[in-house]
Amino acid sequence: MATAIPPNSSGSASGGLSAGEESQIDASSLYFLHSSDHPGAVLVSEKFDGGDKLILRELKFHGFHGEKPKEKKLFSVDVDACMDLRAAGESDLSTNTVTHTSIYRIVKEVVEGPRRNLLECLAEQIAIRTMGKHPQISAVRVQVGNTNNVEVADSGYYLGVEIFRDRRNVSS
0 MATAIPPNSS GSASGGLSAG EESQIDASSL YFLHSSDHPG AVLVSEKFDG GDKLILRELK
60 FHGFHGEKPK EKKLFSVDVD ACMDLRAAGE SDLSTNTVTH TSIYRIVKEV VEGPRRNLLE
120 CLAEQIAIRT MGKHPQISAV RVQVGNTNNV EVADSGYYLG VEIFRDRRNV SS
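Residues 0 to 171, numbered by numbering that gives the first Met the number 0, are exactly what the sequence shown covers, in order.
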């Protein structure tokens, strides 16, 4: 669940609720909520709340992962790294952000590195290392999958996992 504080008639976030009173909304699809869908509402969430993030999509690397790694497999990875991008946007200086290249290198190192049995472990290692190296990142979403699993004979499929970690729930 997420906490929503609805706007009052003046548009500020307090609504008809008295001080300290909050209404609950279902956060199961919070990844898709946008502030324009809820004008004036303040959303406080366990997941992404529509804030700033660095986006890396369809990073492709080969690795020997799985419980029975008979051959190198092609893995696809997506990463969303939540952080305040305002300073970088205002200054136009790369020193005020985390470079996409830095996150790319972490993903490459994990996927091309030591064998892991589960996609869940690959995703967890990417999340831990990304947040460990970059303290300004408040949360990450990592999706890892492959399309050439030897256990499934059909073509045209994608098998994967997706995890979300923030500073409160990332292991070190």
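Note that beta-carbon positions come from the ideal geometry of N, C-alpha and C, so glycine has one too. A quick note: this is a predicted structure, and the numbers were derived from the prediction, not measured.
What residue range is occupied by the uninterrupted alpha helix (DSSP H) comprising residue i?
i: S75; result: No alpha helix (DSSP H) holds S75; the beta strand (DSSP E) holding it covers K72 to C81.
i: V106; result: H99 to V110
Bridge partners for residue i per DSSP, in chain order?
i: K52; result: C81
i: F63; result: Looking at the DSSP assignment, F63 forms no beta bridge with any residue, so it has no partner.
i: I162; result: V141
i: L58; result: V76
Report yes if the C-beta distance between residue i and residue j is below 8 Å; otherwise report no.
i: V139; j: L121; result: no
i: R104; j: H64; result: no
i: K107; j: F74; result: no
i: C210; j: G50; result: The requested residue 210 is not part of the displayed model; the chain covers only 0 to 171.
i: D204; j: K52; result: Since the first residue of the chain shown is 0 and the last is 171, residue 204 is not available in this structure.
i: V169; j: A126; result: yes
i: G62; j: V141; result: no
Grab the span of the beta strand (DSSP E) containing residue i for me, first residue to last.
i: G131; result: Per DSSP, G131 belongs to no beta strand (DSSP E); it is in the alpha helix (DSSP H), L118 to K132.
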